[in-house]
Amino acid sequence: MSDLAISSPAEIGLFPRGFLRDSADYILSQQLSDGAIPWFDGGYADPWDHVEAAMGLSIAGEFAAAEKAYRWLADIQLADGSWWAAYKDGEVHNCERRESNFVAYVATGVWHHYLITGDVDFLLRYWVTVEKAVEFVLSLQTEHGEIHWAVDTDGKPKEDALITGCASIYKSLECAINIAHRLGHSRPHWLAGRTALGTALRERPQRFDRTWESKARFSMDWFYPVLTGVVSGSGARARLQKKWDEFVVAGLGCRCVNDEPWVTVAESCELTMALIAAGEMGRAAKLYRGLHRWQDKDGGYWTGYVYRDQAIWPEEKTTWTVGAMLLAADALAGLTPASGLFTSVRLLSDPAEDTERVDRLHQFELSGSQG
-13 MSDLAISSPA EIGLFPRGFL RDSADYILSQ QLSDGAIPWF DGGYADPWDH
37 VEAAMGLSIA GEFAAAEKAY RWLADIQLAD GSWWAAYKDG EVHNCERRES
87 NFVAYVATGV WHHYLITGDV DFLLRYWVTV EKAVEFVLSL QTEHGEIHWA
137 VDTDGKPKED ALITGCASIY KSLECAINIA HRLGHSRPHW LAGRTALGTA
187 LRERPQRFDR TWESKARFSM DWFYPVLTGV VSGSGARARL QKKWDEFVVA
237 GLGCRCVNDE PWVTVAESCE LTMALIAAGE MGRAAKLYRG LHRWQDKDGG
287 YWTGYVYRDQ AIWPEEKTTW TVGAMLLAAD ALAGLTPASG LFTSVRLLSD
337 PAEDTERVDR LHQFELSGSQ G
């Protein structure tokens, strides 16, 4: 572990000078020629964190690099719509499982890039990729609404569900539905799947962590239902307040788990966005301002800090941590048209319903003219 001299949050503004450029340059420095964005130099890439970093590139205006990242995903997508858990050096690095929330997240990234660029052709290019991914994910949904967290090497479902993973899928389904509706496709079973998943997350806690120890010690299980729109309004504020002292270390950030003296930058960024979603803008800004102390000279952000030892750990500057910093910055400052993606829920209307309404209006007008 490395020692770290901590600056005072009061000495740091919302964004340091050059924040956007330096952050983008760091992600670009780690992106490989094929478009993959590994965690760090020499590390592996996984589909979820790869998308998180790609969204950071979109926020910074690095559209070509972001699109190259999505092209890499599309090129290696399996026939059933999924991806393996990790890739390295152009090869599969982990073929033990394919995780449902990893697979779904491509929809969030594609919709995010479209919101920023307004490029309908981009949506059209990746529609089949998104459609196949969503169909794979929904094939793992049970009659109770939750979605199995993964399949094994042979494609057999690993029959249990994660709160954080399913909450992430809930947001991804919102994005996938919006992509479909924007392109004129009606997908009522996607809407039904999202509704059932939300009901399971809100009302059926017994459907999660059935075969392993509860994940409640992880902060993401606490704030992800707020971040992704499963819980909103006063319910969101009450949820965040309930475990605030358990997970938040004043002046430092959000713990990854409640039983370790370790704050992590990405979780702190996601909590920042959850706070905004719950209407707690002041708390969000205060939490976020203190995170820039973890930035290194090359623009990267250290993953976490063990405050008991006053040391950085692990000694890694992950690309997805930088992506999370950019997403939180956008949510706070409204830097792009995608700034509200993780702080609000917006579903575009179903084109089939729009057509039905137009037809009814037309029939009404015809009957009026004939009368």
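In this text, residue positions in the sequence shown follow our numbering: the first is -13, and each later residue adds one. Every residue, glycine too, gets a C-beta built ideally from N, C-alpha and C. In this text, all values refer to a predicted model and were calculated from it rather than measured experimentally.
When the Cα atoms are used, alanine 270 and proline 174 turn out to be separated by approximately 35 Å.
For asparagine 244, the number of other beta carbons within 10 angstroms of its own is below 16, and it is reported as exposed. Beta bridge pairing from DSSP links glycine 290 with Thr250.
Within the model, the alpha-carbon separation for proline 143 versus serine 86 is close to 10 Å. In the DSSP assignment, the residues bridged to aspartate 138 are Arg83. Distance between valine 92 and tyrosine 112, taken at the CA atoms: about 9 Å. Residues of the same chain with a CB within less than 6 Å of the CB of aspartate 207, apart from the 5 flanking positions on each side, are Ile149, Thr150, Lys201 in chain order.
In the DSSP assignment, lysine 228 falls outside any beta strand (DSSP E) and lies within the alpha helix (DSSP H) extending over 219 to 228. Excluding residues up to 5 positions away in sequence, Ala271, Tyr274, Arg275, Ala315, Leu318, Ala319 lie with their Cβ nearer than 8 Å to the Cβ of leucine 0 in the same chain. With contacts defined as CB atoms closer than 8 Å, valine 235 and tyrosine 293 qualify as a contacting pair. With a threshold of 16 other beta carbon atoms within 10 Å, aspartate 35 meets it and is buried. In the DSSP assignment, the residues bridged to glutamine 281 are Tyr287. Distances from the CA of threonine 250 to each of Val137, Thr258, Arg241 were compared; the closest alpha carbon is that of Arg241. The residues Pro24, Gly29, Tyr30, Ala31, in chain order, have a CB closer than 8 Å to that of lysine 74 in the same chain once the five nearest residues on each side in sequence are set aside. Distance between histidine 278 and tyrosine 12, taken at the CA atoms: about 14 Å. With a cutoff of 8 Å on beta-carbon distance, isoleucine 155 and valine 123 are scored as near each other. Going by DSSP, alanine 10 is part of the alpha helix (DSSP H) stretching over 5 to 16. DSSP places alanine 72 inside the beta strand (DSSP E), whose first and last residues are 72 to 74. For tryptophan 69, there is no enclosing alpha helix (DSSP H), since its DSSP letter is neither H nor E.
Listed as beta-bridge partners of glycine 239 by DSSP are Val235.
Boundaries of the alpha helix (DSSP H) harbouring valine 114: 106 to 124, taken from the DSSP string. Looking only at Glu246, Asp66, Phe328, the smallest Cα-Cα distance to threonine 258 is reached by Phe328. Around the beta-carbon of arginine 180, 16 or more other beta-carbon atoms lie within 10 Å, marking it buried.
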